[in-house]
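In my numbering, the protein residues as written are 14 to 572. Don't be surprised by glycine CBs; every beta carbon is placed ideally from N, CA and C.
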């Protein structure tokens, strides 16, 4: 590859990174599609373009440029099945609107839609290089489009759920008892009306304690005055009724604005709020029975409000769990749905996340009939942040693989891209290799990952050659690669530290030594058997303990 070619690839990659940042900066589907279409038209100098999205199997034009005003209305009804032939290949449907190029937008083999492009301004045809670059753009944008579509579905679910909550609140509004859930304002109004109607009070305030904050729920005292007093007065320590004389002595600032009685609202003896009362219109003093009544009404109200708060928290928790489950499903689709199988190699792999989503990653990517890439990685941390960084790594890796660069250059490119997009001390350990099926060779680069184990003739060879982990800093020293000639019955085991650092109930680690002893006994097993036996041994070791990290395992057996 010439220097000019390298610069061109680098410019293209930088452009793809900026493009990825732009479309992933928003969840608005129109914004994403508009950027995708404009980017493609600008890149290829296309005279017109359109994007159709798959809505329940039917392709619907969502955005178009350079076409007639009635194009969307006259666009024929086309289903996804109409554009896929019996062999599963894409049919030529570029006649609609005089388009000359059309490509699927797909994520994890799921067809999200189609992009149509018109002829170029210079009248040249779309080259194979143009088509490959177009596919790269669409592969990068597919995740953002899919996420936006999922979010739109989530919003619809949320709107449905909000409607149900409103209906539930309507039922609560019909109730006159505090023991039932109700909208907080209705509870406070019922509380206020009960006290005012009974005692003819001119001024009042209802305060709620939430963590370290004091919220004024309702007040007929001047807000500026009462807010200033709340900041200077330790009213959270009040745990019993405070009458006029005590207020004048201990809480003079409250007394001066007209508060003559303070009654706590409690749950199980713990003060959750206060009722501040001014003087009664009839000038009568509050009796002990009056205080007991107000205390009882206040306790009923605070219990109802607490129940409502817990109810809303449970709803939010349930919605969050549903969203995390959807996120897990999206991430699951980032892993290969089927493992590429070669003539001279047998490959098995599996990922088990410790949470709904995780930061481990593996992939098997076919390069051509004789070659394929395998990769395994571990993002620092767990949960959603690690999963997002993993998704970025997958997109970068797919892009680099399509460029056809060698392992050393490809690793440096990926490291530089990750370094530009990582903050907060995040990093990735990464191992990838190119396998030649015909010659039975493996060339690899190890970027700080757990060294894979090559088991041969009762001995273990560790694949260590490579360089620094990804994301710490841009590449200064080139990565090192090594090529090995594999032999029949060689066994290669690729894994993340979720296996070797798995802990039992006594906090003992599974360890590299135990894994190495085990794989030495499995040289005569198939890749699938090795995978299951290692998983079984880890599970047996950690029996009764919670899984502390993501577990990813990839096994390659030479036939």
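Quick one: Cα of residue 145 to Cα of residue 169, how far?
-> In a straight line, the C-alpha of residue 145 is about 36 Å away from that of residue 169.
Residue span of the beta strand (DSSP E) that contains residue 273, given as start and end | Looking at the DSSP string, residue 273 is not in any beta strand (DSSP E), and its letter there is neither H nor E.
Based on Cα-Cα distance, which residue from 65, 132, 127, 66 lies nearest to residue 55?
-> When 65, 132, 127, 66 are compared, the shortest CA-CA separation from residue 55 is found for 132.
Where residue 124 falls: helix, strand or coil (DSSP) = Residue state, collapsed to three classes: strand.
Quick one: give me the first and last residue of the alpha helix (DSSP H) that residue 543 is part of.
-> Residue 543 -> alpha helix (DSSP H) spans 540 to 554.
Bridge partners - residue 232, DSSP secondary structure assignment = According to DSSP, residue 232 bridges with 218.
Inter-residue spacing [alpha-carbon to alpha-carbon] between residue 154 and residue 399 | Each residue's alpha carbon lies about 20 Å from the other.
Expected contact under 8 Å - CB spacing of residue 294 and residue 215 to nearest Å | Going by Cβ atoms, the distance from residue 294 to residue 215 rounds to 6 Å, so yes, they are a contact pair.
What are the boundary residues of the alpha helix (DSSP H) that includes residue 527?
-> It spans 525 to 533 - the alpha helix (DSSP H) in which residue 527 sits, taken as one unbroken run.
Can you give the Cα-Cα distance for residue 359 and residue 87, rounded to whole angstroms?
-> Taking the straight line joining both Cα atoms gives about 51 Å.
With 16 other Cβ atoms within 10 Å as the buried cut-off, status of residue 465 = Classification for residue 465: buried.
Could you have a look at residue 383 and say whether DSSP puts it in helix, strand or coil?
-> Three-state result, residue 383: coil.
Would residue 71 be called buried (16 or more neighbouring beta carbons within 10 Å of its own) or exposed?
-> Residue 71 sits exposed, since fewer than 16 C-beta atoms from the chains shown fall within 10 Å of its C-beta.
CA-to-CA distance, residue 322 to residue 3, given in whole angstroms = Coverage of the chain is limited to positions 14 through 572, which leaves residue 3 absent and any answer about it impossible.
Helix, strand or coil for residue 366, going by three-state DSSP, please let me know.
-> Coil, per DSSP.
For the 8 Å Cβ check, are there 3 or more pairs between the stretch 251 to 259 and the stretch 298 to 314?
-> With a cut-off of 8 Å, the stretch 298 to 314 and the stretch 251 to 259 count as touching, because enough Cβ pairs lie within range.
Using the Cα positions of residue 439 and residue 428, report the straight-line distance between them to the nearest angstrom.
-> About 12 Å.
Contact check, residue 388 vs residue 566, beta carbons under 9 Å = Contact: no.
Residue 53 to residue 64, Cα distance in whole Å?
-> C-alpha separation (whole angstroms): 11 Å.
Where the beta strand (DSSP E) through residue 496 begins and ends = Unbroken beta strand (DSSP E) run through residue 496: 495 to 498.
Are the beta-carbon atoms belonging to residue 463 and residue 550 less than 9 Å from one another?
-> Not a contact, by the Cβ cut-off of 9 Å.
Inter-residue spacing [alpha-carbon to alpha-carbon] between residue 385 and residue 449 = The C-alpha of residue 449 is placed about 7 Å away from the C-alpha of residue 385.
What residue from 227, 138, 44 has the CA that sits closest to residue 57's CA?
-> Nearest C-alpha to residue 57 among 227, 138, 44: 138.
Whole-angstrom distance between residue 121 and residue 167, CA atom to CA atom = Cα-Cα distance, rounded: 20 Å.
Alpha carbon to alpha carbon, how far is residue 206 from residue 171?
-> In this structure, the CA atom of residue 206 is about 34 Å from the CA atom of residue 171.
Report the rounded CA-to-CA distance for residue 126 versus residue 117, giving the unit in angstroms.
-> Their backbone Cα atoms lie some 6 Å apart in a straight line.
Could you give the residue range of the alpha helix (DSSP H) that holds residue 411?
-> DSSP places residue 411 inside the alpha helix (DSSP H), whose first and last residues are 396 to 416.
Distance CB(residue 277)-CB(residue 271) smaller than 9 Å = No, these two residues do not count as a Cβ contact at 9 Å.
Candidates 348, 378, 330, 421: which alpha carbon is nearest residue 488's?
-> Closest option to residue 488, Cα to Cα, is 421.
By how many angstroms is the C-alpha of residue 43 removed from the C-alpha of residue 507?
-> Straight-line Cα distance between these residues: approximately 41 Å.
Taking residue 461 as the reference, give the member of 471, 372, 114, 483 with the closest Cα.
-> Scanning 471, 372, 114, 483 for the CA closest to the CA of residue 461 turns up 483.
Note down the Cα distance separating residue 557 from residue 476, rounded to an integer number of angstroms.
-> C-alpha separation (whole angstroms): 33 Å.
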